[in-house]
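Here the numbering used here runs 1 ahead of the position in the sequence shown, where the first position is 1. Take a look at the structure below.
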Amino acid sequence: MDSEKAMDSPETDHSPTPSTPTRGMFYQLQIVLIVAFILATLFTAWTPASLLPGNLSERFAQVLAFQATETAAYPTPTARPRPLIGLVVGHWDDNTKDPGAVCADGLTELEINQAIATLVKQELVDQGFDVDLLREFDQKLQGYRALTLVSIHADSCEYINDEATGFKVAAALSNQYPERASRLTACIKDRYSRATGLAYHASTVTNDMTSYHAFDEIDSNTNAVIIEVGFLNLDRQILTKGQDKIAKGISDGILCYIRNEDISSPEQP
């Protein structure tokens, strides 16, 4: 009898109190309501149609496209400009139609000038420079700025005498920087004679060379010379068959000046 009372006694009843599950359910309900409220607030900015999966994908695509556009709006890095050198191809002018000296067999000075200038350009481009091939009366010559400008010409195809062989180089008579003009001339004379074996023909440097029209057109800071690469008569062999040597002589002379090389040591970098 006492055992039955003990079993019926509330003091021995270990079942959970009803308040515990009620409290837990209420807390979870609060969390659900809060989350639902936040989601409803976020989606208020979207139109009803945008709740559809297709429109939602379009919105994401638009956002990604906008980001891509914004990124592309920033300027992309560009390569640093390379030093510039100008080469005038003597008598290359579509207006005057003047080919320069013309030989009996039809060979023209212009052909020689173009071939040599093209080779010089390639030599200098290989050395890391940008090179402009300019016409005789190119509009770009007005105020032209470069490290240097060299105008390439060839001499007469007529037989003058046995002394009419070799090359010549000249700068402007009036030059704002005579020491620079003198050095450029000396560099080209030295390197050209070494590369070609031709002698410097100083006695035939003319006023047409020292007063060459481009000298007055280019920027005063652009050091310039004109070179007569040889006589189309007695020097014809090297002018037609040894153009690589001629081009090397001119390009080496330009590099000698730009790199401030020792004129007596052409192999020095």
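Using N, Cα and C, we set each Cβ at its ideal position, and we do this for glycine too.
Residue i - partner residues in DSSP beta bridges
i       : result
Asn-224 : Thr-149
Glu-229 : His-154, Lys-169
Leu-134 : Leu-88
Thr-211 : DSSP lists no partner for Thr-211.
Tyr-201 : Phe-168
Thr-186 : BP columns for Thr-186 are empty, so no partner.
Thr-109 : Val-103
Cutoff 6 Å; reference residue i; Cβ partners in own chain excluding five residues on either side
i       : result
Ile-227 : Ser-152, Ala-171, Met-210, Tyr-213
Asn-176 : Ala-182
Thr-186 : Val-170, Ala-172, Val-226
Ile-251 : Val-121
Supposed close pair residue i, residue j - CB separation, criterion 8 Å
i       : j       : result
Tyr-193 : Gly-254 : 6 Å
Phe-130 : Glu-229 : Between Glu-229 and Phe-130 the Cβ distance is about 23 Å, and since that is not below 8 Å, they are no contact.
Cβ shell of residue i (< 7 Å), same chain only, five flanking positions each side left out
i       : result
Asp-99  : His-92
Phe-232 : Asp-156, Ser-157, Ala-165, Thr-166
Ile-264 : Ala-187, Cys-188, Asp-191, Cys-257
Glu-71  : Unreliable positioning characterises Glu-71 in this predicted model, as indicated by a pLDDT of 48, which lies under 50. The coordinate reading is nonetheless provided below. The answer is none, since no qualifying residue turns up.
Arg-83  : Gly-129, Phe-130, Asp-131
Asn-234 : Ser-157, Cys-158, Glu-159, Tyr-160, Ala-165
Nonlocal neighbours in the same chain, by C-beta distance under 8 Å from residue i, ignoring five residues either side
i       : result
Ser-16  : Confidence in Ser-16 is poor, its pLDDT being 47 and thus under 50, which makes the residue's placement too unreliable to answer from.
Arg-146 : Leu-85, Ile-219, Asp-220, Asn-222, Thr-223
Gly-101 : Gly-91, His-92, Thr-109, Glu-110, Leu-111, Asn-114, His-154, Ala-155
Proximity of residue i and residue j at Cβ, strictly below 8 Å
i       : j       : result
Val-132 : Ile-189 : no
Thr-205 : Ile-247 : no
Leu-142 : Ala-215 : yes
Leu-88  : Ala-118 : yes
Leu-199 : Asp-236 : yes
Glu-124 : Lys-249 : yes
Asp-106 : Phe-138 : no
Entirely enclosed alpha helix (DSSP H) segments - the stretch 231-257, minimum 4 residues:
237-242
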